[in-house]
Amino acid sequence: MAGEAVAAAWVYGQSLSSRPKSVITHRSYFTSSIDDKKKTAHLLALDGAKERLQLFKADLLEEGSFDSLVEGSEGVFHTASPFYHNVSDPQAELIDPALKGTLNVLRSCAKVPSIKRVVITSSMAAVAFNGKPLAPDVVVDESWFSDVAVCEKSKLWYMISKTLAEEAAWKFAKENGIDIVTINPGLVTGPLLQPTLNTSVEPVLKLVNGAERFPNTTYRWVDVRDVATAHILALENASASGRYCLVGRVIHCSDTVNILRDLFPALKLPEECADDKPFTPTYQVSNERAQSLGVKFTPLEMTLKDTVESLKEKNFF
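The opening position of the sequence shown corresponds to residue 1 in full-length UniProt numbering, with each subsequent residue numbered one higher.
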């Protein structure tokens, strides 16, 4: 869509912050909603931003708030959804912005005949949490959907927010004849454009910043640059459709620590697990559809190296 108008509804986050850079350097005209001008200075400083980036203020919870943003666009990225671990009011802080925000963006898009496709940033949070046992021989793919009832039992509020939002998006798209594609990334990490830390990079910082023990958890890693590329490919490829799981590698945190130790032998890294339980299992996430879209996954070693160097450069440790 080089030279054509692209709009995005976004809030501050790792993959979200990198996406405008990818679109701007792709020579498309890019408009974006903002929630804090202080958080967009790094975007305005990007090459080409002066000529091709416009920023608008919008509210996820306000119907019609995105009308002016998407007007005249041929493609829309909806990437806005809060991602926090510690919340006091899950409904207000996570679920409403994800669910109502998605529907409000789609309602605005439904009013604009020129829009050919809406690419929505969903998540593996809307895929892998359905109560099915996970093991090294299990392959998670796009046919999986997280189960809200299962998530409620474990208070997995973010998973609930992304699941409800994606389900609502598919229902609205079918009822209103909108062409949508969802990108479902795992834990997004990589070099930071922004000056502040986001939730998805925090696990890496904790490991390299003096943690005495590593958590007993399994990560679904994906490079932020791969996520940004996947969104552009999903918008430009006319044959793109449905969902795309985006996970470069699934490994236990202990193996993540081992990679970091090989990359940065001078760093003090945790050597013990935070508990004495069996390690949480690894499993596989199918990348067939992502590869068919044209995504070439960045090796995890490169992702972690670039992430740590970026964190150090920005004085996080």
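Ideal Cβ placement from N, Cα and C applies to all residues, glycine included.
Please state if the CB of Leu207 and the CB of Thr256 are separated by a distance shorter than 8 Å.
In this structure, Leu207 lies closer than 8 Å to Thr256 by Cβ.
Taking 8 Å as the CB-CB cut-off, is Ser73 touching chain B?
The structure shown contains no chain B, having only a single protein chain.
Since Leu205 and Ile259 should fall inside the 8 Å C-beta cutoff, what is the C-beta to C-beta distance between them, to a whole number of angstroms?
Not quite, the Cβ-Cβ distance comes to about 15 Å (not below 8 Å), so this is no contact.
Can you list, in chain order, the residues of its chain with a C-beta nearer than 7 Å to that of Thr280? Leave out the 5 residues immediately preceding and following it.
Asn216, Thr217, Thr218 and His252
Given a threshold of 16 other Cβ atoms within 10 Å of its Cβ, counted over all protein chains shown, does Met159 qualify as buried or as exposed?
buried
Contact check, Asp147 vs Phe129 under 8 Å by CB: the rounded distance?
7 Å
Take the Cβ of Arg213 as the centre, count every other Cβ of all protein chains shown within 10 Å, and call the residue buried at 16 or more, exposed below.
exposed
When you compare only the Cα positions, how much space is there between Leu293 and Ala228?
13 Å
Taking all protein chains shown into account, decide if Pro82 is buried (16 or more other Cβ within 10 angstroms of its Cβ) or exposed.
Pro82 sits buried, since 16 or more C-beta atoms from the chains shown fall within 10 Å of its C-beta.
In the structure shown, what three-state DSSP assignment does Phe214 receive?
DSSP places Phe214 in strand when its eight states are reduced to three.
With a 10 Å radius around its C-beta and 16 neighbouring C-beta atoms as the bar for buried, classify Thr189 as buried or exposed.
buried
For Asp223 versus Thr121, is the C-beta spacing smaller than 8 Å?
no
Under the three-state reduction of DSSP, which class applies to Gln91: helix, strand or coil?
helix
For Arg117 versus Asp179, is the C-beta distance shorter than 8 Å?
Yes, the Cβ-Cβ distance between Arg117 and Asp179 is below 8 Å.
Please identify the residue among Val139, Gly131 and Asn209 whose C-alpha is closest to the C-alpha of Ser154.
Of Val139, Gly131 and Asn209, the residue nearest in Cα terms is Gly131.
Can you find at least 3 beta carbon pairs, one from the segment 71-79 and one from the segment 108-117, that sit closer than 8 Å?
yes
Can you find the residues in the same chain that come closer than 7 Å, C-beta to C-beta, to Ser123, ignoring five residues on each side of it along the sequence?
Lys162, Asn184 and Pro185
May I have the straight-line CA-CA distance separating Gln91 from Pro278, to the nearest angstrom?
33 Å
Taking the alpha-carbon positions, what's the Ser108 to Phe172 distance?
Taking the straight line from one Cα to the other gives about 12 Å.
If we count the other Cβ atoms within 10 Å of its Cβ and call it buried at 16 or more, is Val139 buried or exposed?
Val139 is classed as exposed because its beta carbon has fewer than 16 other beta carbons within 10 Å across all chains shown.
List the DSSP bridge partners of Cys273.
Phe214
Do you know offhand how far Ser22's Cα is from Leu235's?
Because the pLDDT at Ser22 is just 48, under 50, the model does not fix this residue reliably, and the value given afterwards should be weighed accordingly. So the two alpha carbons sit approximately 13 Å from each other.
Could you tell me the distance, in whole angstroms, from the CA atom of Val285 to the CA atom of Val150?
20 Å
Strictly by DSSP, which residues pair up with Asn184?
Cys245
Answer yes or no: do Ala165 and Leu106 have a C-beta to C-beta separation smaller than 8 Å?
no
Sort Val119, Asp89, Trp144 and Asp306 by Cα distance to Thr79 and report the nearest one.
Val119
Tell me, to the nearest whole angstrom, how far the beta carbon of Ala240 is from that of Leu233; I am working on the premise that it is less than 8 Å.
7 Å
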